[in-house]
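Visitor: If you're matching positions, the sequence shown starts at 240 in my numbering and goes up one per residue.
For glycine and all other residues, C-beta sits at the position ideal for the given N, C-alpha and C.
Just passing along the structure, written as structure tokens.
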Amino acid sequence: CKSFRAAKNIEDMQPMLLDQIAHFFEHYKDLDEGKWVRVGGWGGIEEAREEIMSSVAMFKDAPVKPNF
Numbered sequence: 240c241k242s243f244r245a246a247k248n249i250e251d252m253q254p255m256l257l258d259q260i261a262h263f264f265e266h267y268k269d270l271d272e273g274k275w276v277r278v279g280g281w282g283g284i285e286e287a288r289e290e291i292m293s294s295v296a297m298f299k300d301a302p303v304k305p306n307f
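Here's what the structure looks like:
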């Protein structure tokens, strides 16, 4: 997406797009009983990289892998 390529940090994103992304994540599990999501805010690029690397490591270490 062109708007994502131009963004260098969270401040470069349009507030409406951030609202739409938050809305998606807050509601995409609405039909799954007992599941919920809360968006706690936005972080920067380094925080995103750390989260990705942490998630990759957890996946690699998981004894049972999800079947995507």
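Using the Cα positions of G282 and R288, report the straight-line distance between them to the nearest angstrom.
Guide: Distance between the alpha carbons of G282 and R288: 10 Å.
Visitor: DSSP state of L256, grouped into three classes?
Guide: If DSSP states are grouped into helix, strand and coil, L256 belongs with the helices.
Visitor: Put D278 into one of helix, strand or coil per three-state DSSP.
Guide: At residue 278 the sequence reads Val, which differs from the Asp that was named. It is coil, neither helix nor strand.
Visitor: Just how far apart, CA to CA, sit S293 and E286?
Guide: When rounded, the distance between both Cα atoms is 10 Å.
Visitor: State whether the region 242-252 contacts the region 269-284, with contact taken as three or more CB pairs (one from each stretch) at a distance under 8 Å.
Guide: The region 242-252 vs the region 269-284: in contact.
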